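**Q** Position in the sequence shown counted from 1, then plus 504, gives you the working numbering. Backbone N, C-alpha and C fix where the C-beta goes; we use that ideal spot for every residue, glycine too. These numbers come from a predicted model, not from an experiment.
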Amino acid sequence: MRAIVIASAAVLLCLAGAAGAQDTVSISPQQAVAARKAGMGMSGALMSAMKASIDAQVSPRSQAFAAGSLARWGRAMPGVFPAGSGQAELGEDATDARAAIWTARADFETRAATFAAAATRLQDLARADDAAGFAAQWTEVRAACQACHDVYKAD
């Protein structure tokens with residue numbers, strides 16, 4: 505499981521770096537969708553692995569890299585939602601991103617920043633080896649994920 509977490513985090517870091525380094529004109533809408541789907545999948549895998557670690561009462565210190573990867577993903581996430589990469593342009597089957605991401609952009613970016621801040625706090629607690637704090641903060645990170653999905657992800 506540790507190898508899966510490390511591999512997932514490495515891919516997520518690459519996606520986050522690419523999303524942050526790219527300007528929205530240099531990648532196609534289809535590439536943006538592929539990047540965000542991969543990033544969301546990696547985010548889910550990291551969250552699941554951290555939850556398994558919490559349930560197994562493993563030292564949270566082992567999850568610091570994963571938590572930091574989530575924070576970097578949160579900061580990079582808005583970059584893989586460029587204009588022209590929504591359902592209106594690509595079709596409902598291409599993406600689950602609702603139009604509200606672009607019509608309420610400031611709120612979307614605020615939610616991504618909230619997720620990034622919660623994940624940064626999770627990383628801090630992991631580094632401090634604070635098991636109780638880490639478990640409680642994992643719930644906060646999960647809530648930040650869900651709060652964004654509730655508004656911006658089509659079912």
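Compute the distance between the beta-carbons of G572 and Q641, then report whether it is under 8 Å.
**A** No, they are not a contact pair.
**Q** Would G590 pass as a contact of A603 if the rule is Cβ separation under 8 Å?
**A** Yes; because the gap between Cβ atoms is below 8 Å, this pair is in contact.
**Q** Do three or more CB pairs link the segment 555-567 to the segment 578-596 at distances below 8 Å?
**A** With the cut-off at 8 Å, the segment 555-567 and the segment 578-596 do not touch.
**Q** Taking the alpha-carbon positions, what's the G583 to P533 distance?
**A** When rounded, the distance between both Cα atoms is 11 Å.
**Q** A553 by DSSP, collapsed to three states: which one?
**A** Helix at A553.
**Q** Reducing DSSP to helix, strand and coil, say where A647 ends up.
**A** Three-state result, A647: helix.
**Q** Return no unless some Cβ of chain C is closer than 8 Å to the Cβ of H653.
**A** Looking for chain C here will not work: only one protein chain is present.
**Q** Once you ignore the five residues that flank F619 on each side, which residues in its own chain have a CB closer than 6 Å to its CB?
**A** Taken in chain order, the residues that qualify are G578, A648.
**Q** Thinking just about the alpha-carbon of each residue, which of A549, K541, S563, A536 is nearest to the one in R631?
**A** Closest by alpha carbon: S563.
**Q** Starting from the Cα of G548, find the closest Cα among A658, R646, A560 and give me that residue.
**A** Checking every option, the nearest Cα to that of G548 belongs to R646.
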